[in-house]
Structures are given as structure tokens and as C-alpha cells.
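Residue numbers (my numbering): 1 to 191.
Structure follows, in C-alpha cells:
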């Protein structure tokens, strides 16, 4: 698959199952992540691989965090939160460890981690796997960050669920260039 086809055909697929990406494909995806743009060579990304029983353990962490954030949560809501890490055989957590730097503000470091996450998605797609990028309240929860070994100031930019597609990806009308791109010809002088 050439690079343009790769970019134009990558889609999120939430219907994932075994097998997880093989070790060679995963290693290539992680190497691709580390090639993300990185102003100042700060390497702000932190990447965690969660598979097997560790997914259920993370589910318990997510459940407890939801119960703490929302004491009135129903059993159904708590069960749904706990099951999230089981959506795929591999969960890749991508976070940014932001460092004070006068040349690379916080937003650029978070964007670098986001670019690393996108590179993972593209590399997995190139190898025939599917993935889905999610966040949710758990990504911003200090208890979840602590359980993952992250610092409170670290930013989880995504939980990437990865595996083999069980169903074709959903189809929907894609945005067009004309809807989202315009030519800028100078400062706006309208009042």
C-alpha cells in the first residue's frame, strides 16, 4: 500500500478481536510513533502496552475512578466502564510528559504525543490491523494516571485499542476539502 492510499483508507474500527498485532508489527508501529514531529527533541511521549490480564486490572481501575467521580453511577455504567479495556486484545496508552521548555510550549509537546499516536494508527493499518483512538473521562483522571505510573501533570492523549477487525469498518460520508479548507489572502478587515 502506498503512503497516500494508507492515509486515505485508514478508519477507526471498534469491532476488534484476536489476534492482536504480532510483535514485529507492534515494534514497527512503536518505531513509527517515535518518528513523530518533536520540537526541541524533548521526546515527551510515554507509551504503555496493556494486554492479557492487565486489561481487566485497568478495567477495575476505571470502574473505581468512575465510582469516585460519580457516586450515583449505576451498576450498568460501572460495568460498561470496567469493560472498556476488553474492547480489543491490545490497548496502547499514549501520554505526554510535558517538560518546561521556552522553545516548545505545552501544547506542542501534547501535539507531539498525538502525532505519535497517529503514527501508531497508520503503521498498524499498513500491517493489516485495525485500531480505534479513544479518550473519555478516565484519560483525565488523576487516579487512573497514577495507576498507570504516570504523573498528575502528564496528559493521556489516547487509549488506542488495537486488534484484528471482526467486521468491516463503519461507512459514512467523509468531509470534503472544500468544507474545511480556504485560501487566506491577507488580514480580515471586516468589522
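We put the beta carbon where it would ideally sit given N, CA and C, even for glycine.
- Under the Cβ criterion (8 Å, minimum of three pairs), the segment 83-91 does not count as touching the segment 166-176.
- Rounded to whole angstroms, the gap between the alpha carbons of residue 190 and residue 178 is 22 Å.
- The segment 110-126 and the segment 35-55 touch, with no fewer than 3 CB-CB distances between them shorter than 8 Å.
- By the neighbour-count criterion, in which 16 or more other beta carbons inside 10 Å mark a residue as buried, residue 128 falls on the exposed side.
- Taking residue 131 as the centre and dropping the five residues before and after it, the same chain places the C-beta of 121, 124, 160, 162 closer than 6 Å to its C-beta, in chain order.
- For the set 158, 164, 36, the Cα lying nearest the Cα of residue 25 is the one of 164.
- Measuring C-alpha to C-alpha distances from residue 38 to each of 174, 108, 187, 134 identifies 108 as the nearest.
- Annotated as proximal: residue 65 and residue 141, with beta-carbon spacing under 9 Å.
- A Cβ-Cβ distance of about 19 Å is found for the pair residue 150 and residue 104, leaving them out of contact under the 8 Å criterion.
- DSSP, reduced to helix, strand and coil, places residue 48 within a strand of the structure shown.
- Each residue's CA atom was taken as its position, placing residue 88 and residue 15 some 8 Å apart.
- In the three-state scheme derived from DSSP, where H, G and I count as helix and E and B as strand, residue 114 is classed as helix.
- Between residue 29 and residue 21, the C-beta spacing is below 9 Å.
- Pairing residue 59 with residue 117 gives a Cβ-Cβ distance that is not under 9 Å.
- For the pair residue 145 and residue 137, the CB atoms are not nearer than the 9 Å cut-off.
- Its chain contains 48, 93 as the residues whose beta carbon lies nearer than 7 Å to that of residue 148, once the 5 sequence neighbours on both sides are disregarded; these appear in chain order.
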